[in-house]
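Engineer:
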Amino acid sequence: MSSLAVADPVLLDFAADVGPEGRVAVAGGRTRWGLGGELRSDTRVLAAPTGIVAYAASEMTVQVRAGTPVAELDAALAEHGQRCALPARGGTVGGAVAVGENVVDQLGRGRLRDAVLQVRYVSAEGDVVTGGGPVVKNVTGYNLPKLMTGSLGTLGLLVELILRTNPIPAASRWLAAEDVDPAAVEAALYAPGAVLWDGATTWVLLEGHGPDLASESNKLASFGVFTEVDGPPELPPHRWSLTPEEAADFSRGAFVSSIGVGTVWADSAQKSLPDGPGVAAVAARIKKNFDPTGRLNPGRTAGC
Amino acid sequence: MGLLDRLTGRTSSGDPLADDLRAVLSADRVRMDGAERALMAKDASVFGGGVAGPTCFPTSTAEVQAIMRVAAEHDSPIVPRGAGTGLAGGAIPLGAPIVISLQKMNRILDVDEANRVAWVEPGVINLDLSNQLRPRGFHFAPDPSSQSVCTLGGNVANNSGGPHCLAYGVTDAHILAVEVVLPDGEVVMLGGIDAEPSGLDLRGAFVGGEGTLGIATRIAVRLTKNPPAVRTLLLSFASVRDAAQTVSDVIAAGIVPAALEVMDQRITVAVENFVGAGYPTDAAAVLLAEIEGLDAGVDIDAGRIDEIGRANGATEVRRAQSDEERELLWKGRKTAFGAIAQMAPDYYLHDTVVPRSALADVLEQVYEIADRHDVVVMNVFHAGDGNLHPLLLFDAREQGTLDRVHAAGAEILRASLDAGGVLSGEHGVGVEKQRFMGELFTDADMGHQNRLRRGFDPVCRSNPGKVLPEGHSCADIQQLRAVPTGVWG
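Respectively, the protein sequence lines represent chains A and B.
Counting in this note's numbering, the final residue of the first sequence is number 326, and the numbers go up one at a time with none missing.
Counting in this note's numbering, the final residue of the second sequence is number 544, and the numbers go up one at a time with none missing.
The structure is reproduced here in structure tokens:
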């Protein structure tokens, strides 16, 4: 049994810092710090340990400590022609997983939560706990990686992750056109990396092998005049979670919709509905089971 | 006094639980006869020891909820059941639970192309859904070998995989929302069809819960676009090691095929006798590789896989020239488990995952372990994911054979763990691998898994005695197995 226990002294030192009592939280890059409510002011705020522990490019997996900047991880992966599903906006790996938001080119890179293979976190008792496993396919036991992703550090403090990586496509190209039907464009393409729309302009990220990009570009020409652009548009600050159909029909203020996905970046906040009583009861029991004294990220609730 | 008695004033038939179940369903949908209970005591696994209570066949969420409330009133455990194709014993009833068969809830409720989602009931058969979707340009990506009989509710419970999960991900990545009847009888919607449902990902926690977290009654599945082009290659090798090395090298080269399946010679010979799929029976192993995508890309990737295969000593590389040839190659793969029935009356199909770079070494150990235990092993597996499926052949009528099979299986599991792998890639833990959980997880790790489980089911009502080993709550297996056969009859 002892051979299974986490031995990395860096992780154990962090767990000792967290300890078994007192209100505690972890700050990453603070890019999404206000999510889930305001942290109680008397909370001790720690920084998670940093560094890439192991990168098996040929396995397409990477083991990385939670405090590592996403930009640093991205650079290491790019050296081997790979990428991951974490959004790069100046934050840390652990912060990105704790928040759980997807990248703007989700159609190409996939959902963040599907890329989290193994989590290590410090529990409310101050122990290092492992959930999931190091390989790309695993149904051994309950799915703690899913539960931790997007939990805003309210169930455990992330300290190390194993993430799935993917090859960077051989070729990619952002294109934009005015006054085309973005939903029709998304439906016509086989596997675009992203289709974005702000009510007037449609942006398309084409990815894949070079010759296929040419044929997909030709397909786009039947919808309108697409020209190559540097990248996606600037995204407004608030994030809405809608159905793909609602996102393709959005019209409130300045916005950018992710077509075929349903995420909308808008200049106003979405009014979120509270969970129904049944869901709230399960969430409350889980919170109590993982953090009986409410010491982890006090003041925050996943989903607020 | 049972609920029925109170409602109708009638005298009970002598079994208050069955009477109350009949009060909330119709009498013909609560079965207690010996044949039904014998059927429900088993699943497709080699494990026995199950004792079924009354079997219920609900047709709606409201009926499942009513059954769950009767279970609560009688403090009876329940076990949900799909097609019973599970291989880890997850559907085996422990503690004489009410068996809730979802097979009559088998409607495709809605196909919403604009939102890329279909709403289905849990008893819908996996392949039926894809057959309905394909003409509309979509399919459901997870395709377990049992897909012509297994249900989507079972797929959700086991987080099932299949050959094409290499590129598309397992069931979890394709489930957007699940309506669940919780063990306390509450009906909840977990997840949603919007892009990023807020709150804890209870949907993600529920998928793969092996029926211990409640019962899925409606499921929102993601529609995957049909690929415009498909290329299927069959590569022959003079050794299993060469085939495994080719798989590792393909992944390392940054190619993500839709499927990479390896079959050893014992399997190809059995399949050829069975369906005549066109496999070369003189090769030590074949690799079935499929690439999906756009026209140019699939040819580029097929060419690279061809090169990598030849560099690893492929003796023949054949490309399917027609849809018919492609379908035949896949028919061979998907009927492999049926084909081996001609070799031995019983088989035990294992399921472990190893790092893809360790495939060749672990496979050599698998053959060595089986030889040492005097058991015939065949290998047919999802090589691209590192997901091994050693198939141990035996005749249960021979004294002591099953013991040798279990001993070999335990060693195969340990070899996989030693290589940095895990206990199960797609079959689940069930009752099969509980006792090995402590070799992958610490007590604290399993304690935290139990915290998740108890969040959904604080009273251990749903499918007790599964997943977590003895010593953890909801897992007091001895007590559950102590219920004598015939207690309900």
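All residues carry an ideal CB built from backbone N, CA and C; glycine is no exception.
Between ASN160/A and chain B, is any beta-carbon pair separated by less than 8 Å?
Structural biologist: Yes, ASN160/A lies at the interface with chain B (some Cβ there is under 8 Å from its Cβ).
Engineer: Tell whether a beta-carbon distance below 8 Å holds between SER279/A and ALA291/A.
Structural biologist: No. Outside cutoff.
Engineer: So, at 8 Å on beta carbons, what are the nonlocal neighbours of VAL28/A in its own chain, with the 5 sequence-adjacent residues on each side left out?
Structural biologist: For VAL28/A, where only same-chain residues beyond five positions count, the Cβ hits under 8 Å are LEU34, ARG142, VAL150 and THR152.
Engineer: Just verifying my parser: in three-state terms, what is the DSSP assignment at GLN104/A?
Structural biologist: Strand, per DSSP.
Engineer: Evaluate GLY264/B with the Cβ neighbour count: other Cβ atoms within 10 Å of its Cβ, from every protein chain shown; 16 or more gives buried, anything less gives exposed.
Structural biologist: Buried, by the Cβ-count rule.
Engineer: Mind checking whether ALA340/B and ASP354/B have CB atoms under 8 Å apart?
Structural biologist: Not in contact: ALA340/B and ASP354/B (Cβ atoms no closer than 8 Å).
Engineer: Rounded to whole angstroms, what's the CA-CA distance from ALA293/B to ALA369/B? Just pull it up for me.
Structural biologist: Rounded to the nearest angstrom, the two C-alpha atoms are 7 Å apart.
Engineer: Name the residues in the stretch 495 to 522 of chain B whose C-beta lies less than 9 Å from a C-beta of chain A; which are they?
Structural biologist: The residues in question are LEU495, PHE496, THR497, ASP498, ALA499, ASP500, MET501, GLY502, HIS503, GLN504, ASN505, ARG506, LEU507, ARG508, ARG509, GLY510, PHE511, PRO513 and VAL522.
Engineer: Give a yes or no on whether 8 Å exceeds the smallest Cβ distance from MET492/B to chain A.
Structural biologist: Yes, MET492/B counts as interfacial toward chain A.
Engineer: Closer than 7 Å by C-beta to ALA38/A: which residues in its own chain qualify, once you throw out the five before and the five after it? Chain order, please.
Structural biologist: Excluding positions up to five away in sequence, the list is empty.
Engineer: Where does the unbroken alpha helix (DSSP H) through ARG381/B begin, and where does it stop?
Structural biologist: Note, ARG381/B: alpha helix (DSSP H), 378 to 389.
Engineer: When DSSP labels each residue in this structure, what does VAL158/A get in the three-state scheme?
Structural biologist: DSSP places VAL158/A in coil when its eight states are reduced to three.
Engineer: If you compare alpha carbons, which of ARG171/B, ILE306/B, VAL324/B and GLY217/B is closest to ALA209/A?
Structural biologist: Cα-wise, what sits closest to ALA209/A is ARG171/B.
Engineer: Could you give the C-beta distance for ALA143/B and VAL484/B, rounded to a whole number, given that I count them as a contact under 8 Å?
Structural biologist: Right, the Cβ-Cβ distance comes to about 6 Å (below 8 Å), so this counts as a contact.
Engineer: Could you tell me whether the Cβ atoms of PHE511/B and LEU268/B are closer together than 8 Å?
Structural biologist: The answer is yes: Cβ separation under 8 Å.
Engineer: Quick one: grab the DSSP three-state call for ARG186/A.
Structural biologist: The answer is strand: DSSP assigns ARG186/A an E or B state.
Engineer: Out of ILE467/B, THR116/B and VAL324/B, point me to the one whose CA is closest to GLN158/B's CA.
Structural biologist: For GLN158/B, the nearest C-alpha among the options comes from THR116/B.
Engineer: Which term fits ARG452/B, buried or exposed, when burial requires 16 or more other beta carbons within 10 angstroms of its beta carbon?
Structural biologist: Exposed, by the Cβ-count rule.
Engineer: If we count the other Cβ atoms within 10 Å of its Cβ and call it buried at 16 or more, is LYS293/A buried or exposed?
Structural biologist: Answer is exposed; the Cβ neighbour count stays below 16.
Engineer: Looking at the structure shown, is MET87/B part of a helix, part of a strand, or coil, going by DSSP?
Structural biologist: If DSSP states are grouped into helix, strand and coil, MET87/B belongs with coil.
Engineer: Find the residues of chain B that neighbour ASN311/A, judging by a C-beta separation of less than 7 Å, and give them in chain order.
Structural biologist: Within 7 Å Cβ-Cβ: ARG506, ARG509 and GLY510.
Engineer: Going along the chain, which residues of the stretch 474 to 489 of chain B sit with their C-beta nearer than 9 Å to a C-beta in chain A?
Structural biologist: Those residues of the stretch 474 to 489 of chain B that come within reach of chain A (Cβ to Cβ, closer than 9 Å) are GLY475, GLY476, VAL477, LEU478, SER479, GLY480, GLU481, HIS482, GLY483, VAL484 and LYS488.
Engineer: Return the chain-ordered list of same chain residues with a C-beta closer than 6 Å to the C-beta of GLY284/A, the five sequence neighbours on each side being excluded.
Structural biologist: Only LEU264, THR265, PRO266 and ALA269 meet the Cβ criterion.
Engineer: Taking the alpha carbon of GLY333/B as the reference point, which residue from ARG373/B, PRO400/B and THR226/B has its own alpha carbon closest?
Structural biologist: The candidate whose alpha carbon is nearest that of GLY333/B is ARG373/B.
Engineer: Do you know how far the Cα of ARG506/B is from the Cα of PHE312/A?
Structural biologist: Going by the C-alpha atoms only, they are around 7 Å apart.
Engineer: Here's the rule I'm using: 16 or more other beta-carbon atoms within 10 Å means buried, otherwise exposed. How should GLU200/A be labelled?
Structural biologist: Classification for GLU200/A: exposed.
Engineer: Any idea what DSSP makes of GLN140/A, helix, strand or coil?
Structural biologist: Strand.
Engineer: Which residues in the same chain as GLN187/B place their Cβ atom closer than 7 Å to its Cβ, once the five residues preceding and following it in sequence are excluded?
Structural biologist: So the list reads ILE163, once near-sequence residues are dropped.
Engineer: In chain order, what residues of the same chain lie with their CB nearer than 7 Å to the CB of ALA73/B, ignoring the 5 residues before and after it?
Structural biologist: Hits under 7 Å: VAL85, MET87 and PRO109.
Engineer: Which residues in chain B have a C-beta closer than 7 Å to the C-beta of VAL123/A? List them in chain order.
Structural biologist: The displayed chain sequence assigns Glu, not Val, to residue 123/A. Result: GLU251.
Engineer: Measuring only between beta-carbons, confirm whether GLN260/A sits less than 8 Å from chain B.
Structural biologist: For the sequence presented, residue 260/A should be read as His rather than Gln. HIS260/A does not count as touching chain B.
Engineer: Can you tell me the Cα-Cα spacing of LEU242/A and ALA216/A, whole angstroms?
Structural biologist: C-alpha separation (whole angstroms): 14 Å.
Engineer: Between the Cα of ARG195/A and those of GLY230/A, GLY132/A, TYR164/A and LEU179/A, spot the shortest distance and give me the residue it belongs to.
Structural biologist: Residue GLY230/A is the option with its Cα nearest to ARG195/A.
Engineer: Need the endpoints of the alpha helix (DSSP H) that ALA216/A sits in, please.
Structural biologist: It is not in any alpha helix (DSSP H) - ALA216/A instead sits in the beta strand (DSSP E) that spans 216 to 219.
Engineer: Given that GLU382/B touches chain A, what residues does it touch there, using C-beta distances under 7 Å?
Structural biologist: Within chain A, no residue comes near GLU382/B; the closest Cβ sits about 22 Å away, beyond 7 Å.
Engineer: To which residues of the same chain is GLY132/A closer than 6 Å at the C-beta, ignoring the five residues directly before and after it?
Structural biologist: Once the five neighbours on either side are set aside, the close Cβ partners of GLY132/A are ALA107.
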